[in-house]
Amino acid sequence: MPELRLTSDQESLVTTIDLAMMRRAIELARQAAAIEEVPVGAVVYRGNRIIAESFNLRESTKDPVTHAELLAVSKAGRALQDWRLNDCSIAVTLEPCTMCAGAMINARIGRLLYGATDPKAGACHSLYKIPFDKRLNHRPEVIRGVLAEECAQLLKDFFKHRREVNKQRKQQKKSA
């Protein structure tokens, strides 16, 4: 599936601050990859100020809910001493899953920007469209495909490396 590109409508909605925040999310994703976590980074910001940021920690913590988005949203609520993040944006390197999309709805995130699509678990466009569901009481603005190629490449490289490592481990077990 080819990577999405921003439409001209979406390009006009993405600011230089949004791009800077997505670049920061990409840096966080690289930090995750360095500790063998799936490289996903998330930054919650208001204006040009970062409120909270995180990257995936599921492997490190053995906790299934320590996705980058959930951690960043939770930290942002604590930092602002408010669970309502209406005037905040979040930049995420990968399309959020159902759990993370639901958390963003419940936190009243104002804007969601994401990079790579997730055809296997994406809940903002690919499999589901949670942020657009009119039955829910909040619908954030969603901009997809921000720095998508760079975000997708991080994931491709990570999983390619992981497959190579797993292959080497299997070969070592056979020869032992």
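Counting from 1 along the sequence shown, just add 834 to a position and that's the residue number in the working numbering.
Note that CB positions come from ideal geometry on N, CA and C, so glycine has one too.
Small disclaimer: the values here were computed from a predicted structure and weren't measured.
Answer yes or no: do residue i and residue j have a C-beta to C-beta separation smaller than 9 Å?
i            : j           : result
residue 848  : residue 992 : no
residue 906  : residue 876 : yes
residue 1033 : residue 852 : Any question about residue 1033 goes unanswered here, given that the chain covers just 835 to 1010.
residue 858  : residue 925 : yes
residue 884  : residue 981 : no
residue 939  : residue 971 : yes
residue 955  : residue 961 : yes
On the CB-based measure, 16 or more other CB atoms within 10 Å of its CB, does residue i come out buried or exposed?
i            : result
residue 835  : In this prediction, residue 835 has a pLDDT of 31, which is less than 50 and means its spatial position is unreliable; nothing more can be read from the coordinates.
residue 1009 : exposed
residue 846  : exposed
residue 903  : buried
residue 868  : exposed
residue 874  : buried
If you draw a straight line from the alpha carbon of residue i to that of residue j, how long is it in whole angstroms?
i           : j            : result
residue 918 : residue 910  : 10 Å
residue 921 : residue 1003 : 48 Å
residue 878 : residue 895  : 22 Å
residue 977 : residue 1001 : 37 Å
residue 975 : residue 999  : 39 Å
residue 881 : residue 850  : 11 Å
residue 893 : residue 987  : 21 Å
residue 891 : residue 963  : 25 Å
Determine the closest residue to residue i out of the options, with distance taken between C-alpha atoms.
i            : options                : result
residue 898  : 934, 878, 1008 and 865 : 934
residue 1015 : 862, 946 and 957       : This structure cannot settle anything about residue 1015, because the visible part of the chain is limited to 835 through 1010.
residue 936  : 944, 957 and 924       : 957
residue 855  : 867, 912 and 886       : 886
residue 865  : 939, 889, 850 and 882  : 889
residue 915  : 892, 900, 941 and 891  : 941
Please confirm if the stretch 944-957 is in contact with the stretch 914-933, defined as three or more CB-CB distances below 8 Å between the two stretches.
-> Yes, the stretch 944-957 is in contact with the stretch 914-933.
Are three or more beta carbon pairs between the stretch 982-996 and the stretch 956-972 nearer than 8 Å?
-> Contact between the stretch 982-996 and the stretch 956-972 is absent, because fewer than three Cβ pairs lie under 8 Å.
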